[in-house]
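Take the sequence shown: its letter number 298 is residue 298 in full-length UniProt numbering, and every next letter is one higher.
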Amino acid sequence: MQPTAQKPPSSTSTSALQILLTLINETLSHLLLSSLTVRSFIGRWQVLNSKFTSLNSSISAISDSPHWAENPLLHTLLPNLLSTLQRLKALSDQCTNSFAGGKLLMQSDLDMASTALSNQLHDLDLLLRSGVLHQSNAIVLSHPGPGSAKDDLSFFIRDLFTRLQIGGIEFKKKALESLLQLLNDDEKSASVVAKEGNVGYLIHLLDFHNQPAVREQATFAVSALASANDESRKIVFEEGALGPLLRLLETGSTVLKEKAAIAVESLTADPENAWAVPAYGGVAILIEACRSGSSVTQTHSVGAIRNVANVEDIKMTLGEEGAVPVLLQLLVCGIGGAQEKAASCVAALASSSEYFRSLIIQERGLQRLMHLMQDISSSDTLEHVLRAIISLSTSSDHTSRILSSSTIFVIQLGEFIKRGNSVLQHLSASLVGFLSISDGNKRAIGSCMGSLVKLMESPKPVGLQESAAQALVSLLTVRSNRKELVRDEKSVMRLVQMLDPKNEAVAKTFPVIVVAAIVAGGSQSCRKRLIAAGAHPHLLRLSEMEVAGAKKALQRLAGNRLKTIFSLTWRE
């Protein structure tokens, strides 16, 4: 971090501060004595006397600081403090003699002056504790870069937050600009900002009573901290940011809603934070943001809903607040990330309970999901859509029949098996194996059988081999599919290799049931091709090893061969 020179404070400016400090000390000395000799409102003056004593210590500490006169904050603090003390001196003069004025008015004047003094004491204490008065402001540190020393970064942040809390509007704006620049330039600085800075005060600036430009910059900063890493996110939540952020999401401007949505999604990524959303009425706010927000707001709001859906205790609130129809609408009309997160959320809800499956079906969610499969290209979104469909397929015989009877849907599954990634292939194979597909539709996707055989060789993801085998068994109930498969020499060789007891990559049950399905129809050509490829000795060995189904498959393969031999002998 390279220092940059700044013009040092002028001697005139320093002299003015010296004069102010002298006047403050003189006025304070008078008040320390007079507050003990007043005859009216003695209780209030006793409280004020303790504040004067604290102020006296603070002023001494400032005087002892080597660079106090260079700090620009004192140019505002000291004049305001002198004004408050002079007002209290005038009030003490009235209370020293027999007071004959309006008591309520004097009480009000004393209370207001006491409050102003408390605020100024707080600012002075903050300034002293920050340590910035021990750093020369003749040298202004540049924004710390990624390679800056931790001590330099910590000092920069303390100075920045001091100016943010003590200074006026312009000081706050400049401090927030510096904070945002720091967070944008160096993501790793977020943890130091969260630890060294006053995050609670930053969150306080989100309040609607604050100046709009300040509130906007503070929202950007809180959002950046919430999104940076686990450590800063934890501090932002613990300092109470969730409620103010949800209020911004509900009633803020478009840009504030977007930043608030980003922050809420980040905060709720931790289930220990997500449970708090309903406490602020946040579920309804998130749903409305999904319904009417900008594309950015929708994307992150539905992400937050997805996070809430993972918390079992509050999941039902989503159904009660009407989240399902909004999520399904986003599936159709959402853009990019919003659509994917909506699909993920629908899949999570569909897999959770019959209650949500019924809600989704009532809103024609099954038909929307089936239609969506044809229109989207994102494999991640398609995966969520298929997971949701799989969950809905188990809901009732009716939903299963809708899926099974849709030729377009079944053909799409076949395409995913042939050309999709491993997850899409696995999910599609699971559906083909589960659904009661008509023979016509099975013939329509017969071309995917070679891909299913190949998938049987894949050890990952877990369950893929079983799903591929079950899908094959289902398709092989059609005679034309059996003949088509055995004409595929590569697929036949793969099956035979999987039958080999020495091949430990595949559980033998799966190729056994596929071979059994091929020969179940009694086709002599199918048996010949399997025997010619070497299936018989492998099945014989697997039968001896008592592999489930091997003995029956062997009988179908070999028994009928003997029957053919006897038939030829009789004819001769």
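Cβ coordinates follow ideal geometry from the N, Cα and C atoms, glycine included.
With distances taken between CB atoms, is the gap from residue i to residue j smaller than 8 angstroms?
i: residue 525; j: residue 483; result: yes
i: residue 255; j: residue 216; result: yes
i: residue 183; j: residue 189; result: yes
i: residue 388; j: residue 347; result: yes
i: residue 77; j: residue 17; result: no
i: residue 486; j: residue 478; result: no
i: residue 501; j: residue 456; result: no
i: residue 490; j: residue 448; result: no
i: residue 224; j: residue 206; result: no
i: residue 655; j: residue 249; result: The structure shown does not extend to residue 655, since the chain spans only 1 to 572, so no value can be given for it.
i: residue 414; j: residue 445; result: yes
i: residue 125; j: residue 58; result: yes
i: residue 368; j: residue 331; result: yes
i: residue 236; j: residue 199; result: yes
i: residue 522; j: residue 474; result: no
i: residue 319; j: residue 355; result: yes
i: residue 229; j: residue 271; result: no
i: residue 169; j: residue 211; result: yes
i: residue 226; j: residue 241; result: yes
i: residue 550; j: residue 543; result: yes
Cutting at 8 angstroms between CB atoms, please list the residues of its own chain near residue i, excluding the five before and the five after it.
i: residue 548; result: 509, 512
i: residue 404; result: 410, 435, 436, 437, 438, 441
i: residue 379; result: 420, 421, 423, 424
i: residue 53; result: 32
i: residue 376; result: 339, 382, 385
i: residue 60; result: none
Tell me which residues share the same chain as residue i and place their Cβ nearer than 6 angstroms to its Cβ, disregarding the 5 neighbours each side in the sequence.
i: residue 304; result: 264, 265, 268, 286
i: residue 335; result: 295
i: residue 351; result: 391
i: residue 22; result: none
i: residue 49; result: 35
i: residue 62; result: 68
i: residue 538; result: 499, 500
i: residue 111; result: none
Roughly how many angstroms lie between the CA atoms of residue i and residue j, to the nearest whole one?
i: residue 366; j: residue 392; result: 7 angstroms
i: residue 541; j: residue 498; result: 13 angstroms
i: residue 47; j: residue 122; result: 16 angstroms
i: residue 556; j: residue 408; result: 35 angstroms
i: residue 361; j: residue 349; result: 12 angstroms
i: residue 127; j: residue 307; result: 41 angstroms
i: residue 97; j: residue 73; result: 38 angstroms
i: residue 24; j: residue 176; result: 31 angstroms
i: residue 488; j: residue 386; result: 29 angstroms
i: residue 481; j: residue 401; result: 22 angstroms
i: residue 518; j: residue 476; result: 6 angstroms
i: residue 384; j: residue 239; result: 35 angstroms
i: residue 563; j: residue 469; result: Bear in mind that a pLDDT of 48 at residue 563, under 50, signals an unreliable position, so the number given afterwards is only what the model happens to contain. If I take the Cα positions, the gap works out to 29 angstroms.
i: residue 160; j: residue 178; result: 8 angstroms
i: residue 328; j: residue 316; result: 17 angstroms
i: residue 293; j: residue 113; result: 46 angstroms
i: residue 174; j: residue 164; result: 8 angstroms
i: residue 638; j: residue 118; result: Look at the range of the chain in this structure, 1 to 572, and you will see that residue 638 is not part of it.
i: residue 108; j: residue 45; result: 13 angstroms
i: residue 531; j: residue 397; result: 40 angstroms
i: residue 358; j: residue 528; result: 50 angstroms
i: residue 431; j: residue 464; result: 12 angstroms
i: residue 394; j: residue 195; result: 50 angstroms
i: residue 520; j: residue 472; result: 13 angstroms
i: residue 246; j: residue 166; result: 27 angstroms
Given residue i, which residues of its chain have a CB within under 7 angstroms of its CB, disregarding the five upstream and five downstream residues?
i: residue 92; result: 31, 34, 35, 38
i: residue 558; result: 536
i: residue 495; result: 453, 511, 514, 515
i: residue 466; result: 510
i: residue 416; result: 424, 425, 428
i: residue 572; result: Caution applies to residue 572, whose pLDDT of 38 falls short of 50 and renders its modelled position unreliable; the model cannot decide the point.
i: residue 443; result: 478, 480, 481
i: residue 284; result: 321
i: residue 259; result: 219, 220, 223
Pull up the CB-CB distance for residue i and residue j, whole angstroms please, since I reckon it's below 8 angstroms.
i: residue 363; j: residue 324; result: 6 angstroms
i: residue 300; j: residue 261; result: 4 angstroms
i: residue 505; j: residue 461; result: Contact doesn't hold; Cβ gap of about 15 angstroms is too wide.
i: residue 162; j: residue 89; result: Wrong, their Cβ atoms sit about 29 angstroms apart, outside the cutoff.
i: residue 171; j: residue 95; result: Not a contact, Cβ separation roughly 36 angstroms.
Exercise for review: Answer yes if the stretch 370 to 384 comes into contact with the stretch 333 to 348, meaning at least three C-beta pairs across the two stretches below 8 angstroms, and no otherwise.
Suggested key: Result yes; three or more Cβ-Cβ pairs closer than 8 angstroms.
Practice item. Could you tell me whether the stretch 73 to 89 touches the stretch 154 to 161, using the rule of 3 or more Cβ pairs below 8 angstroms? Key: Taking one beta carbon from each stretch, the stretch 73 to 89 and the stretch 154 to 161 have fewer than 3 pairs nearer than 8 angstroms; the two do not touch.
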